[in-house]
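Scroll down for the structure; my scribbles are underneath it.
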Amino acid sequence: MLEFIQTLVSGIAVGSSYALMGLAMVLIYKTSEVVNFAQGEMALLTSFLTYMVLEYHGFPFYAAFPLALVFAAFLGFFLEFAVLRRAKEPNILGMIIITIGLEMILMGLVSWKFGADPKTMPFPLSPYDSVQLGSVFVSALEVLNFGVALAVMLILFVFLRYSKLGVAMKATQQNNMAARLMGIRTNRILMITWGISSVVGCLAGLLLSPMTMQPYMMWDPMLKGFAGAVMGGMTSLPGSVFGAYLIGIIENLFGLYVSIEFKSVVAFAVIVLVLCIRPSGLFARHYVKKV
Amino acid sequence: MDMKRDYYEDVQLFSSGVVVFWFVLLMIGLALFPLFVKNYYVYMANYMVINIIVAVGLNLLVGYTGQISLGHSGFFAIGAYGTVVFMSEAHFPFLLALIAAGLAAALFGFLLGIPALRLEGPYLSIATLGFGLTITQVIGRANIFGGRQGLHTPELYIGPWHLNSDVDFYYLLIVITLILVLAGRNMVKTKVGRAFIAIRDADIAAETIGVNLTCYKTLAFAVSAFYAGIGGGLYAFVLRFIEPEMFGLMMSIIFLAMVVVGGLGSIFGAIAGACLLSWLDLELRNILSIPYVGQWLEALSKSYFSITGVSNIQFIIYGLIMVLIMLFEPLGIYGFWIRTKIYWRTWPF
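Dropping the structure here:
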C-alpha cells in the first residue's frame with residue numbers, strides 16, 4: 021500500500037512538469053491552431069542560457085531566474101513575429117513542419133554550444149533533499165514543481181477570466197474575425213500568447229534541469245505533455261492538466277506493477293486507445309465540421 | 003502546367019518524345035554510373051534510392067491523401083526487421099522475405115489507419131507518433147529481433163547470384179525503385195489516386211459523391227506503409243546491421259521533411275526532396291572536412307561554440323531548410339521547378 025502511494029505521489033510529481041508543457045502547448049493551439057513542437061526546445065534554450073549566466077558569469081539566482089523568464093517571453097514573441105506570422109498559406113501540416121524545423125534549429129544551436137555531455141544546473145534546492153509527508157518521502161524539488169504548476173494554473177485561470185488581456189485572448193480563440201471587428205489586435209494577441217506559453221514552458225524546463233541537464237532532456241516531457249493535452253482534448257486547459265497528471269500516474273503505476281521497460285511508451289498506447297474511443301479527447305466536445 | 007485534353011493524355015507515361023529521350027538518358031546514366039565513381043558514391047546512391055522509395059510512399063499518404071504521419075520510422079523498422087527475420091528464421095529467399103515484410107508493414111499500416119479514420123490534425127500526429135515510438139520499443143525488447151544488440155543481415159543471394167558489394171546491390175535497388183516509383187505514379191492517375199486527392203481536398207464532399215472514406219483512408223495508410231516497409235528491408239542490407247535506436251522519432255521527422263521539402267503531392271518532388279536531404283545527411287556528417295566552410299566553422303566553434311557539438315550544425319541546416327521552404331515556397335522544390343519552367347516558357351513576358 022505504501023509502495024502504491026509512493027508511486028502515486030511520484031506520478032503526480034512527474035505529471036506536474038508534463039502539465040506545464042501541456043498547458044503551454046494548449047495555450048498556443050487554442051489561439052492559432054498551431055501544434056508547437058518547438059515548445060520543449062524553447063524551454064531548453066532558456067534553461068541552458070540560465071545555466072550559462074549562473075555558471076560562467078556568476079549571476080545570483082534571484083537575478084538569473086527572473087531574467088530567464090523575461091528572455092523566454094521575448095523568445096516567444098520573436099518566434100511568432102519573425103517566423104510563424106510569415107507563413108504564406110497556413111495549414112495544419114505546414115505549421116507542424118515549421119515548428120519541427122524550429123525545434124531542430126534550437127536543439128542544434130544548444131547542442132552546438134554546450135556539447136552533448138550532461139551538466140549540473142546550480143539550483144537553490146538539491147534534488148536529493150526530501151520532505152516527509154505522513155509516511156511518504158517526496159523530494160523537495162518535486163514539491164516545488166507541484167507548487168509551481170499549481171500556482172501557474174491558478175494565475176492562468178485568474179488571468180484568463182478577469183484581466184482585459186485574458187478576455188481578449190479568449191475572444192481571439194473563439195472567433196478571430198469577430199474579435200478583430202471588435203477592435204482587438206489579434207496579431208498582437210497571438211504574439212503575447214506565444215510569450216506567455218513560452219514562459220510556462222520555460223518554468224517546466226527550469227524545474228527539470230536540476231535533475232537532468234543535456235540537450236535531449238525536453239523531448240520526453242514535451243511529448244508526454246502533448247499526449248496529456250491531446251488526451252484532455254487539446255482545446256481545454258483543465259483537460260490538458262488532468263490528462264498530463266493522468267499520464268504521469270499511469271506511467272508510474274505501469275512501471276511498478278507491469279513492466280518497467282515499457283514505462284516510457286505506455287503513455288502513447290493509452291493515448292491511441294483513448295483516441296479510438298473519443299477522437300477529440302476526454303474533455304472537448306467532438307469537433308463537427310461545418311460544410 | 004500543361005493542359006490535359008483527354009484522359010489518355012493524363013495517364014500516359016511519357017508526354018512527348020523529348021521526355022522519352024531524357025528518360026532513356028537517365029536510365030543509361032544510372033546504369034553506367036557505378037563504373038566511373040568511387041565506392042562511397044555508390045553507397046550514397048543506395049542510401050538516396052531507399053529514401054526515394056520511402057518518400058514516394060509517404061507522399062502518397064501526406065501529399066495526396068492529406069493525412070499526417072509522424073510514425074513512418076515504425077513501418078521502416080518493421081520492414082527492416084521483418085526482412086532479416088524472415089530470411090534468417092524462416093529461410094525465405096530475399097525477394098520473398100522483402101515482399102512479406104512489406105506486407106507485414108502494410109498490415110500494421112492498415113491497423114493504424116483504422117483509428118486514423120476519426121482523427122485529424124494534432125490528434126492524428128500524436129497517434130502516429132506514439133505508434134512509431136511503441137514499435138521501436140517493442141522491437142528493442144524482443145529476443146527474436148536481437149534486442150538492443152541489433153541484428154546482422156545474412157548473406158544476400160538472388161537466385162544464383164551472390165550480391166556482396168555495393169555495386170551489385172545498387173542495380174537491384176535501381177530496378178526495385180523504378181518499379182515502385184512507376185507504380186506510385188500510375189496509382190495516382192487511377193480511380194484510387196483520384197479518390198485520395200478528393201479526400202485531401204474535401205473529405206465530406208468526397209464522401210457525398212461516393213468515395214468510401216473507410217476503404218481509401220486505410221488503403222492509403224497500407225500502401226504508404228508497404229513502401230516504407232520495402233524501403234526498410236533494403237536499408238537493412240545497405241547497412242548490413244540494424245539496431246532499434248536507428249529507427250527513432252528523428253527518422254520519421256526526416257522522412258516527413260523530405261516530402262515537404264520536395265513538394266507535397268508530387269512524385270517528382272518526393273524524389274527531389276529525398277535526394278537533397280539524404281545527400282545533405284551524408285555530407286554534413288563530417289562537416290569540418292568541407293573545404294573553406296569547414297575551417298571557418300571550426301574557428302567559429304572554437305571561439306563561440308563548442309567543438310564537440312559541431313556535428314549538430316546538421317540539425318540547424320535541416321531546420322532552416324524546413325522553415326524557409328514552408329515560409330517562401332510551400333510547394334517545395336517542385337514549386338521552384340514549376341515556376342522556373344513557366345518563367346522560361348513565357349520569357350520574355
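Chains as they are written, first to last, in this note's numbering: chain X, 21 to 311; chain V, 3 to 351. Backbone N, C-alpha and C define an ideal beta-carbon position, used for all residues, glycine too. Given the structure is predicted, the values throughout are model-derived calculations rather than measurements.
Residues that residue i contacts on chain V, provided the C-beta gap is smaller than 8 Å
i                 : result
Lys184 of chain X : Within 8 Å Cβ-Cβ: nothing; Lys184 of chain X doesn't reach chain V, min ~29 Å.
Arg106 of chain X : Leu329
Glu23 of chain X  : What Glu23 of chain X touches in chain V: nothing, since even the nearest Cβ is about 24 Å away.
Glu109 of chain X : Pro332
Tyr49 of chain X  : Pro124
Val103 of chain X : Val325, Leu329
Own chain partners of residue i with C-beta closer than 7 Å, once the 5 adjacent residues on each side are dropped
i                 : result
Gly296 of chain V : Ile289, Leu290
Ala224 of chain X : Ser37, Leu40, Met41, Ala63, Pro241
Phe79 of chain X  : Val73
Identity of the residue in the options nearest residue i by Cα
i                 : options                                : result
Asn314 of chain V : X:Pro235, X:Ser30, X:Gly35, X:Ile116   : X:Pro235
Phe147 of chain V : V:Ala197, V:Phe243, V:Ala102           : V:Phe243
Arg143 of chain V : X:Gly259, X:Ser150, X:Phe282           : X:Phe282
Gly250 of chain V : V:Val177, V:Thr192, V:Gly321, V:Leu72  : V:Leu72
Gly275 of chain V : V:Gly65, V:Tyr9, V:Leu28, V:Val20      : V:Gly65
Gly233 of chain V : V:Gly81, V:Tyr10, V:Ser18, V:Met5      : V:Gly81
Val285 of chain X : V:Gln139, V:Val213, V:Gly111, V:Ile327 : V:Gln139
Val58 of chain V  : V:Leu322, V:Leu182, V:Ala208           : V:Leu182
Asn53 of chain V  : V:Asp283, V:Asn188, V:Leu121, V:Ser90  : V:Asp283
Tyr173 of chain V : V:Val240, V:Val194, V:Leu221           : V:Val240
Ala191 of chain X : X:Ala88, X:Gln152, X:Leu210, X:Thr119  : X:Leu210
Leu113 of chain V : V:Arg196, V:Ser268, V:Tyr306, V:Ala222 : V:Ala222
Leu228 of chain V : V:Gly111, V:Ser305, V:Leu34            : In the sequence under discussion, the amino acid at residue 228 of chain V is Phe, which differs from the Leu named in the question. Looking at the Cα atoms, V:Gly111 is the closest of the given residues.
Leu28 of chain X  : X:Phe274, X:Leu295, X:Glu109           : X:Phe274
Val220 of chain X : X:Arg181, X:Arg200, X:Pro86            : X:Pro86
Ser67 of chain X  : X:Ala136, X:Ser229, X:Lys184           : X:Ser229
Ile291 of chain X : V:Ala106, V:Ser127, V:Ala47, V:Leu34   : V:Ser127
Val325 of chain V : X:Val187, X:Phe143, X:Met115, X:Met238 : X:Met115
Ala249 of chain X : X:Ala160, X:Ala44, X:Ala83, X:Ala171   : X:Ala44
Minimum Cβ-Cβ distance from residue i to chain V less than 7 Å
i                 : result
Val55 of chain X  : yes
Glu100 of chain X : no
Met41 of chain X  : no
Met124 of chain X : yes
Met127 of chain X : yes
Ala33 of chain X  : no
Beta-carbon proximity list for residue i, same chain, < 6 Å, skipping 5 on both sides
i                 : result
His74 of chain V  : Leu60, Ala230, Ser254, Phe257
Phe262 of chain X : Gly252
Glu245 of chain V : Gly152
Val312 of chain V : Ser303
Listed by chain order, chain X residues near residue i by CB distance under 7 Å
i                 : result
Pro117 of chain V : Val292, Leu295, Cys296
Arg143 of chain V : Glu281
Ile128 of chain V : Phe246, Ala247, Val250, Ile291
Partner residues on chain V for residue i, Cβ-Cβ distance less than 7 Å
i                 : result
Gly135 of chain X : Ser308, Thr310, Gly311
Ile120 of chain X : Ile255, Met324
Gly114 of chain X : Met328, Pro332
Contact with chain X by residue i, beta-carbon distance below 7 Å
i                 : result
Gly104 of chain V : no
Val213 of chain V : no
Gly123 of chain V : yes
Arg1 of chain V   : Because chain V here runs from 3 to 351, residue 1 of chain V falls outside it and cannot be looked at.
Tyr320 of chain V : yes
Ala79 of chain V  : no
Phe338 of chain V : no
Phe317 of chain V : yes
Leu135 of chain V : yes
Cys262 of chain V : Note on residue identity: the sequence assigns Val, not Cys, to residue 262 of chain V. So yes, Val262 of chain V belongs to the interface.
Gln14 of chain V  : no
Contact test: residue i Cβ vs the ligand FMN heavy atom, cutoff 6 Å
i                 : result
Gly132 of chain V : No copy of the ligand FMN occurs in the structure displayed, which carries no ligand at all.
Sequence-distant residues of its chain with Cβ nearer than 8 Å to residue i (five each side left out)
i                 : result
Met21 of chain X  : none
Leu65 of chain X  : Leu95, Leu126, Leu129, Val130
Tyr218 of chain V : Thr67, Val194, Ala197, Phe198, Ile201
Contacts that residue i makes with chain X (C-beta to C-beta distance below 9 Å)
i                : result
Gln70 of chain V : Reading the sequence as shown, one finds Ile at residue 70 of chain V and not Gln. In chain order: Ile112, Leu113, Ile116.
7 Å Cβ cutoff, residue i in contact with chain A
i                 : result
Trp132 of chain X : Here chain A cannot be found, since the structure's protein chains are X and V.
Partner residues on chain X for residue i, Cβ-Cβ distance less than 8 Å
i                 : result
Gly132 of chain V : Ala247, Val285, Ala287, Phe288, Ala289, Ile291, Val292
Gln297 of chain V : Under the 8 Å cutoff, chain X gives no residues; its nearest Cβ is about 17 Å from Gln297 of chain V.
- Item | Near-chain V residues of the segment 272-301 of chain X (beta-carbon distance less than 8 Å), N- to C-terminal order | Of all residues in the segment 272-301 of chain X, Glu281, Phe282, Ser284, Val285, Ala287, Phe288, Ala289, Ile291, Val292, Leu295, Cys296, Pro299, Ser300, Gly301 have a Cβ within less than 8 Å of some Cβ in chain V.
- In the segment 300-315 of chain V, which residues sit with their C-beta less than 9 Å from some C-beta in chain X, listed in chain order? So the list reads Ser303, Tyr306, Phe307, Ser308, Ile309, Thr310, Gly311, Val312, Ser313, Asn314, Ile315, given in the order they occur along the chain.
- Interfacial residues, the segment 219-247 of chain V to chain X, with Cβ spacing under 9 Å: none
- Message: To be precise: take each residue of the segment 74-88 of chain X, compare its Cβ to all Cβ atoms of chain V, and keep it if any distance is under 9 Å. Which residues remain?
- Response: none
- Query: Listed in chain order, which residues of the segment 237-248 of chain X have Cβ atoms closer than 9 Å to some Cβ of chain V?
  - Reply: Taking 9 Å as the Cβ-Cβ cut-off, the segment 237-248 of chain X approaches chain V at Trp239, Leu243, Phe246, Ala247, given in chain order.
- Item | Under 8 Å (Cβ pairs) to chain V, residues found in the segment 251-262 of chain X | Met254
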